[in-house]
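J.: Residue numbers (our numbering): 62 to 325.
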Amino acid sequence: MSETVQDAGTRSGEFVQSLERGLAVIRAFGPARARMTLSEVAREAGLSRAAARRFLHTLVELGYVVTDGRVFALRPRVLELGYAYLSGLTLPEVAQPHLERLAEDVGESSSVAVLDGVEIVYVARVATHRIMSAAIQVGTRFPASATSMGRAVLAHLPHGDRDDFLGAVALEPLTPHTIVDRDLLRAELERVQGQGWALVDQELEEGLRSLAAPLRDRTGRVVGAVNVSAPVRRGAVGDLVAEFLPALLRAAGDIEADLARTRA
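Here it is, written out as structure tokens:
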């Protein structure tokens, strides 16, 4: 049963009971209760049939609910009620719940970062355990060229901006696996652009692999990237991709869907 009306003993003098009841009717609907009769709405909202009828028909006239005379359902216009909240969220705020779900799904740490010059900056993170010798937190910076999130963003820059980056960046051998040849890095970015995701295998730190996907705003511009990182002991590269990539791409799509409703 959905959340019912608030106990009268906890209400302030400014409390508007009719608004509470109207919201209870809206909240009565859900994935398993997309279409309900009047009696079902009344039961889920904790209201009498007479009260539920008045609120439902008010919502019908306002365009938030549709009915065939017996069954009621929410209309897409109800999304307007959450838009004001979503429209003010920043990228980290939008991404955080999706990162939490992603980390839970794969059992590894997940992050979101943005490009700042030749570095990435972590703006959101869910850590399941420490995977690097250096502690990673919001605000941590790493060379974009040697990270999966950096490459996911760089690969989708306009070619002129990408060439400017490659001309300015100092490619340092952070590990024996780090790409330090500009032509090889350019080719890798082309590959990332083509496949839509990036894999970095022990280039930032030995023993660490990560997968990343770009994040686009509602205009289609890449504004950051989301990743999953795991120790090499988790399995072979092919197994890592097969296990993590679907969940990663699903999380990226969910973040982008929320970004499309924000000004972030």
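Just so you know, even glycine gets a beta-carbon here, dropped at the ideal spot from N, CA and C.
1. From the DSSP output, which residues share a beta bridge with S290?
2. Alpha carbon to alpha carbon, how far is P92 from A134? Give it in angstroms, no decimals.
3. Am I right that A185 and P137 are in contact with their C-beta atoms under 8 Å? What's the rounded C-beta distance?
4. Nearest-angstrom Cα distance between G314 and A273?
5. Determine the extent of the beta strand (DSSP E) in which L135 is found, giving its start and end residues.
6. Tell me whether P275 is buried or exposed, calling it buried when 16 or more other Cβ atoms sit within 10 Å of its Cβ.
7. With a cut-off of 8 Å on the beta carbons, I'd call V175 and G285 a contact; round off their distance for me.
8. Give every residue of the same chain whose Cβ lies closer than 8 Å to the Cβ of E64, excluding the five residues on either side of it in the sequence, and list them in chain order.
9. Taking three-plus beta-carbon pairs below 8 Å as touching, is the stretch 204-219 in contact with the stretch 250-264?
10. Could you work out which residue in Q157, E165, D166, E122 is closest to S172 when comparing CA atoms only?
11. Would you report the Cα separation of P204 and G211, rounded to the nearest angstrom?
12. With a cut-off of 9 Å, does the C-beta of L272 fall near any C-beta of chain D?
13. Taking the CB atoms as reference points, tell me whether A111 and R82 lie closer together than 9 Å.
14. Report the start-end ranges of each alpha helix (DSSP H) in the stretch 178-254 that is 4 residues or longer and not cut off at the edges.
T.: With the structure as the only source:
1. Here residue 290 is taken as the residue at index 229 of the sequence shown, counted from 1. BP columns for S290 point to S170, S271.
2. The count along the sequence shown starts at 1 and reaches residue 134 at position 73. The count along the sequence shown starts at 1 and reaches residue 92 at position 31. Spanning the two alpha carbons is a distance of roughly 11 Å.
3. By 1-based counting over the sequence shown, the position of residue 185 is 124. By 1-based counting over the sequence shown, the position of residue 137 is 76. Between P137 and A185 the Cβ distance is about 29 Å, and since that is not below 8 Å, they are no contact.
4. Start at 1 with the first residue of the sequence shown, and residue 314 comes out as number 253. Start at 1 with the first residue of the sequence shown, and residue 273 comes out as number 212. Their backbone Cα atoms lie some 12 Å apart in a straight line.
5. One-based indexing of the sequence shown puts residue 135 at position 74. Residues 132-135.
6. Here residue 275 corresponds to residue number 214 of the sequence shown, with the count starting at 1. Buried is the call here.
7. Within the sequence shown, numbered from 1, the residue matching residue 175 stands at position 114. Within the sequence shown, numbered from 1, the residue matching residue 285 stands at position 224. Indeed they touch by this definition, with Cβ atoms about 4 Å apart.
8. The residue given as residue 64 occupies position 3 in the sequence shown. Because the pLDDT of E64 is 44, which lies under 50, any placement of that residue in the model is unreliable, and the number read from its coordinates should be weighed accordingly. A85, R88, listed in sequence order.
9. Using a Cβ-Cβ distance cut-off of 8 Å, the stretch 204-219 and the stretch 250-264 are in contact, since at least three pairs of beta carbons, one from each stretch, lie closer than that value.
10. Counted from its first residue, the sequence shown places residue 172 at position 111. Nearest in C-alpha terms to S172, of all of Q157, E165, D166, E122, is Q157.
11. Walking along the sequence shown from the start, residue 204 turns up at place 143. Walking along the sequence shown from the start, residue 211 turns up at place 150. About 8 Å.
12. The displayed structure is made up of one protein chain only, and chain D is not part of it.
13. Residue numbering aside, residue 111 sits at position 50 when the sequence shown is read from its first letter. Residue numbering aside, residue 82 sits at position 21 when the sequence shown is read from its first letter. Taking 9 Å as the Cβ cut-off, A111 and R82 do not qualify as a contacting pair.
14. Fully enclosed alpha helix (DSSP H) runs of 4 or longer: 209-215, 220-229.
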